[in-house]
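Step one of this worksheet: look at the structure below.
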Amino acid sequence: MSGKPKAQKPQEHQQHQEWRRAEAVERLTTAGRESSAVTVLFHSAVAARQGLGATETKTLDLLQRGGPLTAKELAERTALAPASVTGLVDRLESKGFVRRIKHPTDKRRVLIEIREESLTGLEDVFADWAREVGELYEEFTTEELETVTRFLEGASERQRRAAARLAE
3 MSGKPKAQKP QEHQQHQEWR RAEAVERLTT AGRESSAVTV LFHSAVAARQ
53 GLGATETKTL DLLQRGGPLT AKELAERTAL APASVTGLVD RLESKGFVRR
103 IKHPTDKRRV LIEIREESLT GLEDVFADWA REVGELYEEF TTEELETVTR
153 FLEGASERQR RAAARLAE
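Quick note on numbering: the sequence shown equals residues 3 to 170 in the numbering used here.
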């Protein structure tokens, strides 16, 4: 025996590649569903610890990342009805997490601004998780991280569009 692996025929190679891709897509779909489930559980636990609902914590995340937004912008980014956003902002304001401020250039508009001092408890909750994720990043090359980022950005955009269609 020569020790060399037997060369695959082109058709066998193609079938093997198709099988590998189907397996990879199945594993990725399963991992995505699991990630989604544990993300919801994690954020629900964080929200409960702060006396907030999951939608409230995700709204705070939007405001923290995007800066002050109008109620209309919040409605667009959360796919919530305007009346729901008004109630959401009222709850967050009464709990001390946000404040309404005048728009700097259009006095008829109001911006919703996060109260940074209200986030100190949330930052502590996320620190342990962020440390673990930082350790996970070290297991991947820069190129792999770029690929994962591209996939997550594409998946997020598609999910945002799907959510918007459901809200129509």
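Glycine included, each C-beta is placed from N, C-alpha and C at the ideal position. The structure presented is a predicted model; accordingly, all values stated were derived computationally and were not measured.
Cβ pair residue 103, residue 119 closer than 8 Å: As a position in the sequence shown, residue 103 is number 101, starting the count at 1. As a position in the sequence shown, residue 119 is number 117, starting the count at 1. In this structure, residue 103 keeps its C-beta atom at 8 Å or more from the C-beta atom of residue 119.
Can you tell me whether residue 198 is buried or exposed, with buried defined as 16 or more other CB within 10 angstroms of its CB? One cannot answer for residue 198 here, as it falls past the ends of the chain, which runs 3 to 170.
Segments assigned alpha helix (DSSP H), at least 4 residues, entirely inside the region 54-115: At a cut-off of 4 residues, the continuous stretches assigned as alpha helix (DSSP H) that sit fully inside the region 54-115 are 56-68, 73-80 and 84-96.
Whole runs of the alpha helix (DSSP H) within the region 121-163, excluding any shorter than 4 residues: Here the runs fully enclosed are 122-139.
Ignore the nearest five residues each way along the sequence and tell me which others in residue 98's own chain have a CB closer than 7 Å to its CB. If you number the sequence shown from 1, residue 98 lands on position 96. Closer than 7 Å at the Cβ level, and outside the excluded window around residue 98, lie 117 and 120.
Quick check on this structure: which residue in 11, 21, 34 and 12 has the alpha carbon closest to the alpha carbon of residue 153? For the purposes of this step, residue 153 is taken as residue 151 along the sequence shown, with counting starting at 1. Closest in C-alpha terms to residue 153, from the list 11, 21, 34 and 12, comes 34.
Chain D contact for residue 169 (CB, 8 Å cutoff): In the structure shown, chain D does not exist; there is a single protein chain.
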